[in-house]
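For the numbering used here, count along the sequence shown from 1 and bump the result up by 54.
Working notes, beginning with the structure itself.
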Amino acid sequence: MGQKKILVIDDELLLRRALADYLGECGYHTVTAADGAEGLSAARAEHFDVVLVDLRMPRVDGLEVVATLKAEQPELPVVVVSGTGVLQDVIEAVRRGAWDYVTKPVRDMDEITVIIERVLERARLIAERDRYQQEMENLNRELGFTVARQTEDLRVQNRELTALNHIISAADATLDPLEILRVLCTELALA
């Protein structure tokens, strides 16, 4: 499916480089941003498969980045990588739309790749579910049109059969051609 593209937003230069280098070695294409404003600009300009974002940054903090990306690109997985370690920060980040949370310093970089793969799989499943739901909605709409068309066809056929039945009944009841013609004209006018 191609190389996954990850945006790393962190104001700590060394961590930003370490994450980008490590993820590059793992086969991901990475783009970095030094703060939230730069990160939002990058996220708006390019397609990313995952965003890693620090919480405490100058100009635009990570919580604002999370909330903005959730509003603008709700299908984009955003993972918070932050050193605050405060449970309230985790709760607030998730409440605003973060998909996962990693505390720094990151002692085991493999943890990052496990989380990235997990959120990528979740994003894939969500996209698959949305595609399936859209297909079902399209099929239901088509079925509705088909049922409506067939129902109307049946109404027309029913009117025609009712008219034919009345004509046959009139012909059975009388042999008078004028009476049969009158019933025929009345039924044709109603059909």
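Ideal Cβ positions, reconstructed from N, Cα and C, are used throughout, including at glycine.
Please read all numbers here as calculations on a predicted model, not as lab measurements.
Check the DSSP bridge columns for residue i and list the partner residues they point to.
i    : result
S136 : T157
V104 : I60
V85  : L61
Restricting to Cα atoms, I'd like to know which of the options is closest to residue i.
i    : options                : result
P159 : Q142, G137, L232       : G137
F102 : L174, D162, Q211       : L174
L106 : I145, D65, Q211        : D65
V140 : L130, R150, E129, Y155 : Y155
V104 : T157, I170, V148       : I170
L68  : Q57, A88, G56          : A88
T216 : E182, A147, R161, E241 : E241
E165 : V133, V148, R185       : V133
Please report the distance separating the alpha-carbon of residue i from that of residue j.
i    : j    : result
H220 : P231 : 15 Å
A74  : Q187 : 36 Å
G93  : L197 : 45 Å
E189 : A99  : 30 Å
A225 : L208 : 25 Å
D108 : N194 : 44 Å
T228 : I222 : 10 Å
E191 : L238 : 46 Å
E214 : L244 : 9 Å
N212 : R185 : 40 Å
P131 : R70  : 18 Å
R150 : V210 : 56 Å
N86  : V119 : The question names Asn, yet the displayed sequence has Thr at residue 86. C-alpha separation (whole angstroms): 14 Å.
E129 : W153 : 10 Å
I63  : R161 : 19 Å
Could you give the first and the last residue of the continuous alpha helix (DSSP H) run that contains residue i?
i    : result
E171 : 163-227
D75  : 67-79
V302 : What the structure shows of the chain is the stretch from 55 to 245, and residue 302 is not part of that stretch, so it cannot be assessed.
E274 : Residue 274 lies beyond the residue range present for the chain, which begins at 55 and ends at 245; the question has no answer from this structure.
L109 : Taken as a continuous stretch (DSSP letters only), L109 belongs to no alpha helix (DSSP H), as it is neither H nor E.
D143 : 141-150
**Request:** Determine contact between the stretch 121-130 and the stretch 70-84, defined as no fewer than three beta-carbon pairs at a distance below 8 Å.
**Result:** Judged by pairs of C-beta atoms under 8 Å, the stretch 121-130 does not touch the stretch 70-84, as fewer than three such pairs exist.
**Asked** Would you call the stretch 189-206 and the stretch 106-118 touching, i.e. three or more CB-CB distances under 8 Å?
**Response** No, they do not touch.
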